[in-house]
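In what follows, a single structure is set out as structure tokens and then discussed.
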Amino acid sequence: MLSFFKKKPAQVKEMKAFLTGEVIPIEDVKDGVFSEKIMGDGIAIIPEDELLVAPADGEITVVMEGSYHAVGMKLANGVEILLHIGIDTVGMNGEGFKSYVNMGDKVKTGDKLIGFSKSGIAARGLRDVTMLIITNGDECPPVKLLSGMKAKAGETVVAQM
């Protein structure tokens, strides 16, 4: 078969904001697991809205069944990310969370991933700061993370590769 007839996989060159809100460095998150980059480098957004969206085209690799507080993705360029809503929100057991995706789903930038209740998180005395963690940073192309700005979900570039 002629190689020019083969469709090349889409290359991801950037990630867009996964929420509308203030983008902060991961080091500013008030939780050691994230701020000390134990799971990997990343950024966080202090959300103004309640809908987590896909930051880039990719495949859903994990949905935290039962709690729905986090979702994993693999992007077309091999970058693997974890999107984690709030601090200690796993203990909410899914109350106030709604997943729009399942493992194996293909998503595009801006597609709905998880809806959540900011007031429900606050009512439990928890923080709603939401992280994007690059979980395979040693194996993927370098990623330049951008912070210190206000972002609009699905539009503002927050990472470049």
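Going by the numbering used here, the residue at position 18 of the sequence shown is 17; the numbering climbs one at a time, nothing skipped. C-beta: ideal position from N, C-alpha, C; glycine also.
Item, Value
"Assigned secondary structure, E64 (DSSP; H/G/I helix, E/B strand, else coil)", "coil"
"Cα-Cα separation between L51 and L144, rounded to whole angstroms", "18 Å"
"Buried versus exposed call for S118 [16 or more other C-beta atoms within 10 Å across all chains shown]", "exposed"
"Segments assigned beta strand (DSSP E), at least 3 residues, entirely inside the stretch 44-109", "50-52, 57-62, 69-74, 79-84, 96-98"
"Assigned exposure category for I37 - 16 Cβ within 10 Å defines buried", "exposed"
"Contacts around E47, its chain only, beta-carbon distance under 7 Å, and the 5 residues preceding and following it disregarded", "T19, G20"
"Length of the line joining the Cα atoms of E13 and D27", "22 Å"
"Own chain residues within Cβ distance below 8 Å of M102, not counting five before or after", "I59, T60, V61, V62"
"Environment of K15 [buried if 16+ CB atoms lie within 10 Å]", "buried"
"Contact the stretch 76-84 vs the stretch 130-137: 3+ CB pairs below 8 Å", "yes"
"Helix, strand or coil at V157 according to DSSP, with G and I counted as helix", "strand"
"Status (buried if at least 16 other CB within 10 Å, exposed otherwise) for P54", "buried"
"Buried versus exposed, by CB contacts within 10 Å (16 or more), E64", "exposed"
"Exposed unless 16 or more other CB atoms sit within 10 angstroms - verdict on M0", "Per-residue confidence for M0 stands at a pLDDT of 47, beneath the threshold of 50, marking its modelled position as unreliable; no derived number is given."
"Within 8 Å, strictly: CB atoms of I44 and P24", "no"
"Secondary structure of K111, DSSP reduced to three states", "strand"
"Cutoff 6 Å; reference L74; Cβ partners in own chain excluding five residues on either side", "V11, A55, G57"
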